[in-house]
Amino acid sequence: MIDKDQELFLDYIKQLLYNTDEATLCRDELSDDVTQLADGIEYLGEVIKDEKIVLSKMAQGEVDEEFSISHNYLAAPVKSIQSNLKHLSWVAQRVAAGDYKQHVSSLGSFSDSFNEMIDQLSHYREKMEHISNTDVLTGTANRRAFNQMIKKLWDKDIPCAIVFIDIDGLKYVNDNYGYSGGNRYIKEVCQILKMNLKEDEFIFRIGGDELLILSKKEDAHICEERLLEIRLQFREEMKKKVPYPCDFSFGCVDIDKKENKTISEYLSLADKKMYHFKMQHYIDQRRPKYSNHIDKSGLDSRIFDAFSQTSINRYAYICNMETNVSRWSVQAVKDFDLPYEYMYDAGKIWEEHIHPDDCKEYEEDIEAVFSGKKECHDLTYRARLKNGKYIKCRCEGYVLRGRTAKEPNLFAGILTRVDEAVNYEER
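Take the sequence shown: its letters are residues -7 to 419, numbered as in the working numbering.
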């Protein structure tokens, strides 16, 4: 038989189970001899209420809620869970920030699953990083990878050398042998460069026909000597593999943060050196080596003769881009004291007649045409006459693509005298 006090205690326990927040022990109805027991049961009730509050907050994702009862010994397991969850939250934040070395423990099978997830994320991130930093065609690193590496070296004040490389005649190969031929050409260049890399040297493909080599080991001068040897080796090897000439041009610079230049300025300098190399060593890759016999194919035309006679102030010129042989109007030969009407590699000969201050712009524009980067040439500059005076000229030219595989590509145009300039020696 349950007495009144027992009923009150049982009712209070039921309230704690089913209506914890509102549970109240009716102490006024209890006997005086159960006061101590009532104190203990009521304290237990407050502990249960305290734990429910904390657990409810944890269920909502709030793990920082503290217990209001200081001597709540039943709270120890919950506090341990709170601590583990806080650590888990911190680890998750570190992983989100890219730190995949973090792992958790003390959460049993959950820890195992969470750690496995971190490992998979790390593997996936490494894979994505490799993909995003790799050129699909060649398997070399790409511009993004170069930017990351050069920035690290720059930030640490580590000097290095860079080599800017341009694959010669790629557009010609694409046009005449298809993109499969062009892709093979690119891969062959990358392959021989990779084979000759030393420790702490890296190659990057940053554009269609543009590559970079970064060396932490050797300076620009040594890199240039090595590249000259590699270039000769490459040209000879490719003669056995493909029916078209293969070559590349390059420019080397040393990078040193102490020189107060930016990375972009160093890249621009390497690019300019590459252009200079291309113009100085340019041998058209679309024909056999030049011999004593001038190949006039594509240049003997009555139309050219007619244009040559139109005006004494306009000079016609035409260049067979397959043989690198040009024809200039007879009047141009007389006025500018050119060696011949038909000339091999006339660009270099004509460059000697251009005002020194205008040469750089001329070189870059002509190289862009002959490398296939642009189809037309329109530039105003000063050119030296036979008498030593400079005149202002406007040079306009356009690439005429061959209509068949046997018909050569031509570069034809007109040089127009705009006005006479003062003698350069007098300026």
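Beta carbons: idealized from backbone N, C-alpha and C, even for Gly. In this text, all values refer to a predicted model and were calculated from it rather than measured experimentally.
Considering only C-alpha positions, which residue in the set the options is nearest to residue i?
i: residue 355; options: 137, 402, 265, 307; result: 265
i: residue 149; options: 89, 236, 254, 80; result: 254
i: residue 262; options: 41, 156, 340; result: 156
i: residue 348; options: 331, 328, 382; result: 382
i: residue 371; options: 25, 377, 378, 358; result: 358
i: residue 240; options: 204, 84, 252, 214; result: 204
i: residue -4; options: 15, 25, 9, 175; result: 25
i: residue 360; options: 76, 373, 339; result: 339
i: residue 216; options: 258, 234, 269, 49; result: 269
i: residue 297; options: 305, 312, 4, 322; result: 322
i: residue 80; options: 374, 100, 65; result: 100
i: residue 234; options: 257, 91, 169, 4; result: 169
i: residue 213; options: 118, 188, 244; result: 244
i: residue 494; options: 167, 69, 144; result: It is not possible to answer for residue 494, since the shown part of the chain is limited to -7 through 419.
i: residue 142; options: 4, 256, 14; result: 256
i: residue 172; options: 64, 130, 319; result: 130
i: residue 366; options: 28, 232, 163; result: 163
i: residue 27; options: 231, 251, -2, 69; result: -2
Which residues in the same chain have their Cβ closer than 8 Å to the Cβ of residue i, if we skip the five residues on either side of it in sequence?
i: residue 209; result: 190, 191, 192, 193
i: residue 421; result: The question about residue 421 has no answer, for the chain in this structure spans -7 to 419.
i: residue 186; result: 132, 195
i: residue 249; result: 146, 149, 151
i: residue 87; result: 94, 110, 113
i: residue 351; result: 343
i: residue 125; result: 133, 134, 136, 137, 140
i: residue 116; result: none
i: residue 271; result: 339, 340, 343, 355, 358, 359
i: residue 346; result: 354, 373, 374, 375, 376
i: residue 90; result: 117
i: residue 122; result: none
Report back the beta-carbon spacing between residue i and residue j to the nearest angstrom; my notes put them in contact at under 8 Å.
i: residue 364; j: residue 389; result: No, residue 364 and residue 389 are not in contact; Cβ-Cβ is about 14 Å, not under 8 Å.
i: residue 236; j: residue 317; result: That belief does not hold up - the Cβ atoms of residue 236 and residue 317 are roughly 18 Å apart, past 8 Å.
i: residue 74; j: residue 83; result: No, residue 74 and residue 83 are not in contact; Cβ-Cβ is about 15 Å, not under 8 Å.
i: residue 219; j: residue 242; result: 5 Å
i: residue 324; j: residue 336; result: Not really, about 16 Å apart at Cβ, beyond 8 Å.
i: residue 98; j: residue 76; result: 5 Å
i: residue 153; j: residue 246; result: 5 Å
i: residue 55; j: residue 78; result: 6 Å
Can you list, in chain order, the residues of its chain with a C-beta nearer than 7 Å to that of residue i? Leave out the 5 residues immediately preceding and following it.
i: residue 59; result: 42, 46, 67
i: residue 30; result: 17, 19, 22
i: residue 61; result: 38, 39, 42
i: residue 377; result: 327, 328, 383
i: residue 135; result: 196, 198
i: residue 44; result: 12
i: residue 402; result: 290, 310, 311, 312, 313, 392
i: residue 64; result: 39, 42
Quick check on residue i: buried or exposed, where buried means 16 or more other Cβ atoms within 10 Å of its Cβ?
i: residue 452; result: Not covered by the structure: residue 452. The range shown for the chain is -7 to 419.
i: residue 314; result: buried
i: residue 400; result: buried
i: residue 102; result: exposed
i: residue 120; result: exposed
i: residue 2; result: exposed
i: residue 258; result: buried
i: residue 51; result: exposed
i: residue 32; result: exposed
i: residue 267; result: buried
i: residue 161; result: buried
i: residue 104; result: exposed
i: residue 178; result: buried
i: residue 174; result: buried
i: residue 4; result: buried
i: residue 0; result: buried
i: residue 9; result: exposed
i: residue 127; result: buried
Which same chain residues end up closer than 6 Å to residue i when comparing Cβ atoms and leaving out the 5 residues on each side of it in sequence?
i: residue 159; result: 181, 201, 240
i: residue 34; result: 17
i: residue 411; result: 384
i: residue 306; result: 406, 408
i: residue 332; result: none
i: residue 387; result: 371, 407
i: residue 107; result: 95
Quick check on residue i - is its C-beta less than 7 Å from some C-beta in chain E?
i: residue 156; result: Reference to chain E is not applicable here, since this structure consists of a single protein chain.
What runs of the beta strand (DSSP E), each 3 residues or longer, lie entirely inside the region 196 to 230? Runs found: 202 to 207.
Within the region 136 to 187, note down every full beta strand (DSSP E) run reaching 3 residues or more, in order along the chain. 152 to 159
Which ranges does the alpha helix (DSSP H) cover as unbroken runs of at least 4 residues, wholly within the region 8 to 87, from first to last along the chain? The DSSP assignment places complete alpha helix (DSSP H) segments of no fewer than 4 residues inside the region 8 to 87 at 27 to 51, in order along the chain.
Of all the alpha helix (DSSP H) runs that stay within the bounds of the region 83 to 136, which reach a length of 4 or more residues? 100 to 124
Those runs of the beta strand (DSSP E) which lie wholly inside the region 344 to 403 and span at least 3 residues: Scanning the region 344 to 403 for uninterrupted beta strand (DSSP E) segments of 3 residues or longer gives 368 to 376, 382 to 392, listed from N- to C-terminal end.
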